[in-house]
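Student: Protein chains in written order, with this note's numbering: chain A, 609 to 722; chain B, 1194 to 1308. The C-beta atom is built at its ideal place from N, Cα and C for all residues, glycine as well.
1) Rounded to a whole number of angstroms, what is the C-alpha to C-alpha distance between residue 623 of chain A and residue 719 of chain A?
2) Using a Cβ cut-off of 8 Å, pull out every chain B residue sitting near residue 714 of chain A, in sequence order please.
3) With DSSP run on the structure shown, which of helix, strand or coil describes residue 1277 of chain B?
4) Return the CA-CA distance between residue 1270 of chain B and residue 1198 of chain B, expressed in angstroms with no decimal places.
5) Cα separation between residue 1256 of chain B and residue 1307 of chain B?
6) So if I threshold CB-CB distances at 7 Å, which residues from the stretch 1195-1223 of chain B count as touching chain A?
7) Which bits of chain A does residue 1226 of chain B rub up against, with CB to CB less than 8 Å?
8) Buried or exposed for residue 715 of chain A, please, with buried defined as at least 16 other CB atoms from any protein chain shown within 10 angstroms of its CB.
9) Pick out whichever of A:696, A:687 and A:713 has its Cα sitting closest to the Cα of residue 722 of chain A.
10) Find the nearest neighbour of residue 675 of chain A within the set A:662, A:625, A:695 and A:700, judged by alpha-carbon distance.
11) Counting Cβ pairs, one atom from each stretch, are 3 or more of them under 8 Å apart for the stretch 1259-1269 of chain B and the stretch 1223-1231 of chain B?
12) Would residue 1238 of chain B pass as an interface residue toward chain A - the criterion being a Cβ-Cβ separation below 8 Å?
13) Against residue 670 of chain A, what residues of chain B qualify as contacts under a CB-to-CB distance less than 8 Å, listed in chain order?
14) Just the Cα atoms here: how many angstroms apart are residue 1265 of chain B and residue 710 of chain A?
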C-alpha cells in the first residue's frame, strides 16, 4: 500500500500550545492533503499542498512539504479545545487499472485540554 | 446543495445477507470513492471511479461490488455480508484529478454492523 503514515498516533496538549503532526509517504506525489475528522463525522478538507510548494498557510494551520524526504508536517498554532479531532494526510497513487486514487494514513488523534 | 449524501446512516445485517450502501452527490463531481474506517486502521480505499462507466479497485475490494451508471450515484454492494465487514463506510467525491487530486467532499458515513 502506498499509504501515508502519520506520526504520532496520538497527541495530547494544553490549550494555547502548538500541535505538530507528521506524515511520511512512499512514492512521488502530485500533491498532499490534510483532513480533519471530528468524532462520529466525515472528514473535512483542511489544506492542499502541491509537490512544487514547500510551505502553505491557512489561518492557524501551517503545512510544510519536503519531497526529498517524502514527508509533510501540519502545525496548528495556539490550539483550542475545538481543535480536538483526528487528523489525516492523503496522497495520490496509481491504481491497478491505471487511474489515480487517493489513499489516507491512519491518522493522528489530537486532544486539546482546556 | 446537499453535497454527498449517504444512506442509510445505520444498518444491522445478519451474516450472509446482501445490501447496497447508497452514495449520491449533486456537485457534478467526476471522481467518487468508497472507504471503510476501522479503529486504528485509518481509512482504507475499497473502490473508486473516475467517471461514469469507469471503476477500479482500491486496497480492500474483496466482498464488495460497485458500478457507476451515472455521474451522481456510486452505490456499494455487499454481496454476502461477513462480520469482518462491520465498519463505518464513507463515500467521497471531487472534481477530476488532473494533476493531483482536488479536495474531497465526504458524506457523514454509514455505520454497518454484521451479526
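Tutor: To lay it out plainly:
1) 9 Å
2) 1233, 1234 and 1235
3) Of the three classes helix, strand and coil, the one that applies to residue 1277 of chain B here is helix, per DSSP.
4) 16 Å
5) Going from the Cα of residue 1256 of chain B to the Cα of residue 1307 of chain B covers about 13 Å.
6) Those residues of the stretch 1195-1223 of chain B that come within reach of chain A (Cβ to Cβ, closer than 7 Å) do not exist; the list is empty.
7) 709 and 710
8) buried
9) A:687
10) A:662
11) They touch, by the three-pair rule.
12) yes
13) By Cβ distance, chain B contributes nothing, its closest Cβ being about 18 Å from residue 670 of chain A, past 8 Å.
14) 19 Å
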